[in-house]
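This report refers to the structure that appears directly beneath it.
In structure tokens form, the structure reads like this:
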């Protein structure tokens, strides 16, 4: 009876000298995985033009209706682009369907996860905010 | 006029001891949280002050300023007095425990008069050198049970009442073994005066003569202090929080204080009875006492991190069928040995 009790004590003492696995969160952040699904962002092509062609596919597939695209025609052919592109992060469920549906690779989920806000309207991201890195 | 000097010095000793003890209680909570944290691969509290060293202060301030929710209980006076009974009973035994060799010179000069402090042992590192100190300590520390029982009963809550009832049964079972385990030391030392027991351990601590007695004392002390694995009185999964479910603010704080004070008291008694008290080479005697007591308090926390809580019938059958016969056998063996070699 005494043997296992002492063995248990030894085990806990051994644990005491191991490195704690705690990550002290606000100072140190946990590395998220490569395919982590954060919130959507818009990409630019190599010429600095917005990749999105305002085809509404992401808006259509979005299960929670978080995306609103307002298209705008350009001077030339094939120059349709979004005048406004709104993602309501309060609605977004980070499913990544928009990224899968996009034929131009213009919308991708980034790896940010600290999105808590005090006010709901702050979470409605407009085009400029979505184009940020 | 000597008695004024005696009184003043005793008061100073008491005040310093009380301050040190309460600080130790506060830091025992931090030590528990830190050690438990490390043993579970966590960090423990580390936000308040460097390494979380000011955490007990923050906890105290928080408890002090929390709302004291007064319930429409059946016995408001008992409800209010219960935490105080427990806390006072947990701290008072320290009066009789010798914590150092000497703390004052043997004679002091007051207004041109020489006062002999050694006459009544005022200069020694103990506040009250009682002839029956062991009895005093056992009697007072079991009084803390009353606080728990009254608190549980006055709370008007089934869970609290069950916690209170459990503590009575547990105390009756384990107090007996505790007292019986201590008898072994008394036989070896031939005295109940704690200063004499410590003096008798100058060459060898009594743990050498009483290894079984020490183990029995510690086991019973865990039950006495209501610590894991015998903390059924505050069993979360069965009794919410047991006797202190309905307590809040500083009343709850007093119960917590009493718990940790109790751990420190039983550790200090174990150090005095078995581990040689303040005796030790090189370091000052008070420091030895603090170190040994601290090591035992660490052991209490270590055990909490290791063992699960026992079931209630296991607790009872262990107390009556294992601990008590063993402690009686220990008395018998010690008595025979003392009579033979005495």
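Residue numbers (UniProt numbering), protein chains in the order written: chain A, 1 to 133; chain B, 1 to 342. From the three backbone atoms N, C-alpha and C, an ideal C-beta is built for every residue, glycine too.
Asked	Found
Supposed close pair residue 229 of chain B, residue 284 of chain B - CB separation, criterion 8 Å	In fact, because the Cβ distance is near 36 Å, the residues do not count as touching under 8 Å.
Cβ distance (whole Å) where residue 89 of chain B is taken to contact residue 165 of chain B below 8 Å	About 19 Å; that fails the 8 Å criterion.
Residue 254 of chain B versus B:144, B:291, B:304 and B:274, residue with shortest Cα-Cα distance	B:144
Short CB-CB distance (under 8 Å) between residue 38 of chain A and chain B	no
Residue 64 of chain B burial status per 10 Å Cβ neighbour count (16 or more: buried)	exposed
Residue 67 of chain B vs residue 154 of chain B beta-carbon contact at 8 Å	no
Amino acids of chain B, ordered along the chain, whose beta-carbon sits closer than 8 Å to that of residue 3 of chain A	Correct list: empty, because the minimum Cβ distance to chain B is about 14 Å.
Residue-chain proximity (residue 228 of chain B, chain A), Cβ-Cβ < 8 Å	no
Sequence-distant residues of its chain with Cβ nearer than 7 Å to residue 246 of chain B (five each side left out)	71, 155, 157 and 160
Partner residues on chain A for residue 146 of chain B, Cβ-Cβ distance less than 8 Å	Simply none; closest approach about 32 Å.
Inter-stretch contact at 8 Å, needing at least 3 Cβ pairs: the segment 116-130 of chain B / the segment 19-33 of chain B	no
Nearest to residue 49 of chain B (by Cα), restricted to the options B:59, B:213 and B:41	B:59
Straight-line gap, residue 123 of chain B to residue 7 of chain B (C-alpha atoms, nearest Å)	12 Å
Boundaries of the alpha helix (DSSP H) in which residue 86 of chain B is found, first to last residue	76-91
Length of the line joining the Cα atoms of residue 3 of chain A and residue 9 of chain A	10 Å
For residue 67 of chain B, the three-state DSSP class (helix, strand or coil)	coil
Cβ distance (whole Å) where residue 87 of chain B is taken to contact residue 260 of chain B below 8 Å	No, residue 87 of chain B and residue 260 of chain B are not in contact; Cβ-Cβ is about 10 Å, not under 8 Å.
Residue environment, residue 321 of chain B, which counts as buried when at least 16 other CB atoms sit within 10 Å	exposed
Residue 87 of chain A (DSSP reduced to helix, strand or coil)	strand
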